[in-house]
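Student: Count along the sequence shown starting at 1, add 1, and that's the number in this note's numbering.
Where is the CB? At the ideal position from N, CA and C, for every residue including glycine.
Sharing a structure here in structure tokens format.
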Amino acid sequence: MRRTFRPVLLAPGLSPASVLLLCLCLSLSSGAARAATTALPFRVGPPAAWVKPLPIPPDSGPSSAGEEETSVSRLLLEEQMRVSGHSQEHYLHAARKVLAPQGIDRATDIQIHFDPTYQKLTVHGIWRLRDGRREDLFQPAEARVIQQEPELQNRLYNGTLSVVPFLRDVRVGDTLELAYTIEGANPVFGGRFSDVVSVGQPFPVGHFAYRLLWPEGRGRTLFIRDFAAPGLTRSEAMLGDEREIILERRHVPAVRSEDKVPGWQPVYAWIQLSEYKDWNDVARWASGLFQVPARSKALEQEIRRLGREPTPEARFLAALRFVQDEVRYLGIEMGPNSHQPHPPDEVLQRRFGDCKDKSLLLVALLRGLGIDAQPALVNTGLTQLLDGWRPTANAFDHAIVHATVAGRELWVDPTSTLERGGLDSYEPPPYGRALIVAPGTTALSTIPAPTLKEPSVFVDETYVATDRDGPATLDVVTTRTGESANSMRRLLAGTPVSELSRFYVNYYAKKDAKISVAKPLTVDDDTAKNVLVVHEHYRIEDFWSSDGRRDFSAHTFHEYLTEPSYSHRAFPLEVEHPVFARHRITLKSGEPLHAGKDHDVVDGPAFHFEADTRADGKTLVLDYRYQSLADAVPPERIAEYVKAVRATEDHRGYYVQLAGRGARRLAPSPSAGEAGTFLLGVMGVCLALWFVIAQGGPVELWRKGRAWGRRRAFARKFDADHQGDSAWAAIPITGSQELLSTLGRLRCACGASGEAPRDSLRHEAVVLGERHLTLVQWQCPTCARARRAYFEDKGSRAA
2 MRRTFRPVLL APGLSPASVL LLCLCLSLSS GAARAATTAL PFRVGPPAAW VKPLPIPPDS
62 GPSSAGEEET SVSRLLLEEQ MRVSGHSQEH YLHAARKVLA PQGIDRATDI QIHFDPTYQK
122 LTVHGIWRLR DGRREDLFQP AEARVIQQEP ELQNRLYNGT LSVVPFLRDV RVGDTLELAY
182 TIEGANPVFG GRFSDVVSVG QPFPVGHFAY RLLWPEGRGR TLFIRDFAAP GLTRSEAMLG
242 DEREIILERR HVPAVRSEDK VPGWQPVYAW IQLSEYKDWN DVARWASGLF QVPARSKALE
302 QEIRRLGREP TPEARFLAAL RFVQDEVRYL GIEMGPNSHQ PHPPDEVLQR RFGDCKDKSL
362 LLVALLRGLG IDAQPALVNT GLTQLLDGWR PTANAFDHAI VHATVAGREL WVDPTSTLER
422 GGLDSYEPPP YGRALIVAPG TTALSTIPAP TLKEPSVFVD ETYVATDRDG PATLDVVTTR
482 TGESANSMRR LLAGTPVSEL SRFYVNYYAK KDAKISVAKP LTVDDDTAKN VLVVHEHYRI
542 EDFWSSDGRR DFSAHTFHEY LTEPSYSHRA FPLEVEHPVF ARHRITLKSG EPLHAGKDHD
602 VVDGPAFHFE ADTRADGKTL VLDYRYQSLA DAVPPERIAE YVKAVRATED HRGYYVQLAG
662 RGARRLAPSP SAGEAGTFLL GVMGVCLALW FVIAQGGPVE LWRKGRAWGR RRAFARKFDA
722 DHQGDSAWAA IPITGSQELL STLGRLRCAC GASGEAPRDS LRHEAVVLGE RHLTLVQWQC
782 PTCARARRAY FEDKGSRAA
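Structure follows, in structure tokens:
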């Protein structure tokens with residue numbers, strides 16, 4: 002771009018060159034200043050006049066025993082919201098005091114998130130209170146604005162920006178105060194207001210407050226529902242033409258986290274606000290977003306291709322698998338597209354989309370094929386908890402499809418890849434509740450829970466050890482059906498068979514160091530029946546121990562039959578459901594085994610377990626079955642559940658002892674010294690007989706002895722692998738807060754446990770097929786041992 006300079010009147014004593022240099026400097030400095038100003042996507046200034054900031058309460062210490070904070074004390078947490086037309090202003094004000102050096106990182110870890118496509122951020126300040134002085138530490142030029150894309154590992158992009166301030170000179174005893182306002186509302190909601198406010202936190206809060214200014218003449222009713230928030234006070238007043246609603250509580254106790262809490266169980270007390278009248282109100286809103294437009298030439302061509310299938314069932318499956326497998330999962334969810342799908346023609350052309358995009362494309366294809374279909378909104382974690390919610394558009398985090406094929410109602414997830422089999426064996430997704438997107442929908446629909454009548458996982462191990470001193474062979478045949486076959490198929494799609502084989506042989510090597518692969522691992526996949534079979538073949542040296550002993554275990558059930566980290570609980574314990582698994586172990590020995598038959602059953606609050614033992618001649622068969630009965634155990638039955646899990650330990654393992662092989666020799670005549678030894682032997686036999694009688698006879702003693710043998714620590718599949726030790730035994734979590742709390746409970750080999758300094762944590766993303774894990778590495782603060790743990794986020798899925 003060409004610049005035009007105007008003539009300049011020269012001051013006395015200034016040469017043209019000097020004036021030119023001065024103009025250049027002024028131009029550069031003013032340009033730099035403008036660039037620095039316009040580069041910031043946020044403002045810095047005071048709050049609006051409608052805001053009434055609360056004073057910071059004094060640090061009065063813990064409100065009750067056990068509520069003390071060791072590093073940071075949260076003194077104030079307040080939110081203020083003003084609703085006006087289609088606009089919303091959200092003011093947040095918080096204060097926290099640093100109590101220990103470890104708390105400096107936690108107190109200064111500040112990130113302010115906003116969506117620049119429809120929101121404006123104004124930072125009011127970040128103040129340090131020290132010795133009665135209040136000083137603003139926020140330096141806009143030093144703050145960094147980053148686009149983190151927290152759901153990038155799930156292939157979702159939403160364009161959210163984060164302002165990250167870098168605060169200087171924060172010490173123990175300081176109080177940090179933060180205040181900012183975010184203005185704007187997502188236009189996709191058409192001006193409808195709804196909000197969810199968390200009252201409870203994993204830490205105590207000195208003063209919680211939520212203030213709402215609601216326009217009195219808005220014409221729609223505001224519904225407020227309190228979910229388990231005891232001690233919350235509510236007051237209302239009129240301020241001109243606005244109604245002021247204040248919800249607050251002082252000395253809010255901490256909610257302590259527990260492991261394996263079901264997603265449908267509320268953990269933190271919260272408040273829901275919504276102006277949606279009923280679920281029909283939400284369904285009509287969603288129907289406006291999920292419009293199927295007129296079909297393009299490309300869409301018509303795809304419909305004609307799918308229409309060549311001979312039956313409605315075949316056409317439905319062809320359309321479903323096309324969207325699942327040939328349109329990859331990738332979401333661009335900026336602005337309104339957080340909830341509004343892209344047009345089906347666009348999704349078809351670019352061959353990618355998120356759950357909304359893929360669902361609407363599938364609906365368009367099915368309707369073109371003459372099949373009745375509608376999008377449906379679900380929540381992947383809350384499931385039946387939605388029954389107690391006020392109707393709101395914010396209740397959902399995922400989209401699926403509801404269809405009727407040949408009179409059969411079906412619920413299908415277009416994001417689930419590589420599903421196979423026919424409609425007769427199709428399992429509905431485990432989402433519990435759904436809102437069918439149609440103008441006539443008036444209530445949530447119940448998605449039938451998947452059921453298993455036969456084992457979906459069958460591990461069949463056959464050991465052939467005919468020579469006590471020679472090598473043994475192990476053949477493993479693992480048969481998977483239904484969703485288990487689908488999951489294994491997805492894993493194989495992203496993991497080479499050679500890598501899977503390497504993992505499996507290294508697992509078995511934890512027990513048998515001299516194991517080797519006898520034949521390559523093979524996979525048989527019957528996609529018509531959705532049956533996937535994996536074959537493994539091994540050779541094992543030194544199969545028997547030096548005294549002729551061998552241990553066996555039903556390692557398949559280890560992941561299902563584990564005790565919770567917290568057995569004294571306030572919340573239910575989640576149980577993976579439905580699960581039906583079978584594990585059979587066959588030993589073909591070269592020597593006779595003790596003949597017998599046994600059948601054991603353990604029934605727990607959420608599972609049924611059976612163990613069958615059969616020995617005949619030189620063959621031993623151990624047959625185990627596990628079936629889940631419920632998806633959770635209530636707190637009052639946890640002790641019963643733990644007792645049942647421990648009872649299965651008596652039956653999940655078995656050992657075989659071959660007969661001795663000592664050489665016979667002639668016994669010499671006893672000497673005088675040997676006579677005393679003989680007398681002691683007689684006394685020992687008498688004591689042994691008395692012990693047998695006291696235990697209820699030889700049969701009962703034999704049963705108890707075998708049960709005791711079974712209780713020993715048997716080798717387990719993925720054994721290295723206590724939970725978190727490997728990617729295959731990743732610890733399930735629902736968010737970053739649970740990850741940090743779980744790290745604090747993991748015990749080091751030195752016996753120490755506790756929270757590691759955050760600056761010592763190193764995070765690494767790990768992808769296994771379609772599983773997205775996080776590897777956390779750190780150093781034990783007590784013994785300096787290097788530690789690591791794998792986590793898998795099972796939290797809510799973005800729509």
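Roughly how far, in whole angstroms, is the beta-carbon of G207 from the beta-carbon of L76, given that I think they are within contact range, below 8 Å?
Tutor: Indeed they touch by this definition, with Cβ atoms about 4 Å apart.
Student: Considering only their Cβ atoms, is the gap separating A377 from V348 smaller than 8 Å?
Tutor: It is not a contact, given that the beta carbons lie outside the stated cut-off.
Student: Taking 8 Å as the cut-off, decide whether the C-beta atoms of N531 and R421 are in contact.
Tutor: In contact: N531 and R421 (Cβ atoms closer than 8 Å).
Student: From H538 to T557, what distance separates their C-alpha atoms?
Tutor: Cα to Cα, the separation comes out at about 18 Å.
Student: Enumerate in chain order the residues of its own chain whose CB-to-CB distance from M489 is below 8 Å, with the five nearest sequence positions on each side excluded.
Tutor: Only R481, L533 and V535 meet the Cβ criterion.
Student: Three or more C-beta pairs under 8 Å: does that hold for the stretch 316–325 against the stretch 333–345?
Tutor: Contact between the stretch 316–325 and the stretch 333–345 is absent, because fewer than three Cβ pairs lie under 8 Å.
Student: Using 8 Å as the threshold, is the C-beta distance between P267 and F228 below it?
Tutor: Going by C-beta atoms, P267 is nearer than 8 Å to F228.
Student: Which one or two residues does DSSP pair with L274 in a beta bridge?
Tutor: DSSP lists D196 and I225 as partners of L274.
Student: Could you name each continuous alpha helix (DSSP H) segment of 4 residues or more that falls completely within the stretch 258–316, going from the start of the chain to the end?
Tutor: You should have 280–290 and 298–307.
Student: Going by the DSSP bridge assignment, what does W412 pair with across the sheet?
Tutor: Beta-bridge pairing links W412 to H403.
Student: If you reduce the DSSP assignment to three classes, tell me which class V164 lands in.
Tutor: Here V164 sits in strand by DSSP.
Student: In terms of DSSP beta bridges, what is H609 paired with?
Tutor: The partner list for H609 (beta bridge, DSSP) reads D604 and Q628.
Student: Considering only C-alpha positions, which residue in the set L630, V506 and R615 is nearest to A514?
Tutor: If we check each option's Cα against that of A514, V506 comes out closest.
Student: If we count Cβ pairs, one from each stretch, closer than 8 Å, do we get three or more for the stretch 645–660 versus the stretch 287–305?
Tutor: Segments in contact, no.
Student: I'd like the span of the beta strand (DSSP E) that includes T479, first residue to last.
Tutor: Counting along the chain, the beta strand (DSSP E) containing T479 begins and ends at A473 to T482.
Student: Below 8 Å, how does it come out for the stretch 587–606 and the stretch 465–477: are there three or more Cβ pairs, yes or no?
Tutor: Yes, since at least three Cβ pairs between the stretch 587–606 and the stretch 465–477 fall closer than 8 Å, the two stretches touch.
Student: Once you ignore the five residues that flank F397 on each side, which residues in its own chain have a CB closer than 8 Å to its CB?
Tutor: Cβ within range, chain order: L378, V379, N380, L436 and A800.
Student: For the stretch 532–582, which segments carrying the beta strand (DSSP E) assignment without a break, of at least 3 residues, lie completely within its bounds, in sequence order?
Tutor: Fully enclosed beta strand (DSSP E) runs of 3 or longer: 532–541 and 550–554.
Student: Could you have a look at G126 and say whether DSSP puts it in helix, strand or coil?
Tutor: Residue state, collapsed to three classes: strand.
Student: Give me the Cα-Cα distance between V173 and G605, rounded to the nearest whole angstrom.
Tutor: Approximately 50 Å, taken between the alpha carbons.
Student: Report the three-state DSSP secondary structure of Q103 (helix, strand or coil).
Tutor: Looking at Q103 - three-state DSSP - the assignment turns out to be helix.
Student: State the Cα-Cα distance for the pair L177 and I111, rounded to the nearest angstrom.
Tutor: Those two C-alpha atoms are separated by around 11 Å.
Student: Given W128, which residues of its chain have a CB within under 6 Å of its CB, disregarding the five upstream and five downstream residues?
Tutor: Counting only Cβ-Cβ distances below 6 Å, and skipping sequence neighbours, we find R135, D137 and E178.
Student: Quick one: residues in its chain with C-beta nearer than 6 Å to the C-beta of G232, no 5 flanking neighbours on either side, listed in chain order?
Tutor: Closer than 6 Å at the Cβ level, and outside the excluded window around G232, lie R250.
Student: I'd like to know whether the C-beta atoms of Y277 and R193 end up nearer to each other than 8 Å.
Tutor: The answer is yes: Cβ separation under 8 Å.
Student: Work out the CA separation of S566 and A66 for me, nearest whole Å.
Tutor: Only weak support exists for where A66 lies, its pLDDT of 45 falling under 50; the value from the coordinates is given anyway. So the two alpha carbons sit approximately 23 Å from each other.
Student: Could you tell me which whole beta strand (DSSP E) segments of length 3 or greater appear in the stretch 435–508?
Tutor: Fully enclosed beta strand (DSSP E) runs of 3 or longer: 458–466 and 473–482.
Student: Please state whether the Cβ-Cβ distance between W265 and Q385 is less than 8 Å.
Tutor: Yes; because the gap between Cβ atoms is below 8 Å, this pair is in contact.
Student: Taking DSSP's pairing of strands, which residues face E79 in a bridge?
Tutor: E79 pairs with H94 and A210.
Student: With a threshold of 6 Å on Cβ separation, who are the neighbours of G104 within its own chain once the five nearest residues in sequence on each side are excluded?
Tutor: So the list reads S72 and V73, once near-sequence residues are dropped.
Student: Find out if the Cβ-Cβ distance for the pair V477, A582 is shorter than 8 Å.
Tutor: Cβ distance not < 8 Å, so V477 and A582 don't count as in contact.
Student: On the premise that V576 lies in contact with S629, defined as a C-beta separation below 8 Å, what is that separation, rounded to the nearest angstrom?
Tutor: About 6 Å; that satisfies the 8 Å criterion.
Student: Exposed or buried, A607, counting other C-beta atoms within 10 Å across all chains shown (16 or more means buried)?
Tutor: A607 comes out buried.
Student: Give me the Cα-Cα distance between A230 and R638, rounded to the nearest whole angstrom.
Tutor: So the alpha carbons of these two residues sit roughly 25 Å apart.
Student: Between I247 and W215, is the Cβ-Cβ spacing less than 8 Å?
Tutor: Cβ distance not < 8 Å, so I247 and W215 don't count as in contact.
Student: Residue range of the beta strand (DSSP E) that V146 falls in?
Tutor: V146 -> beta strand (DSSP E) spans R145 to I147.
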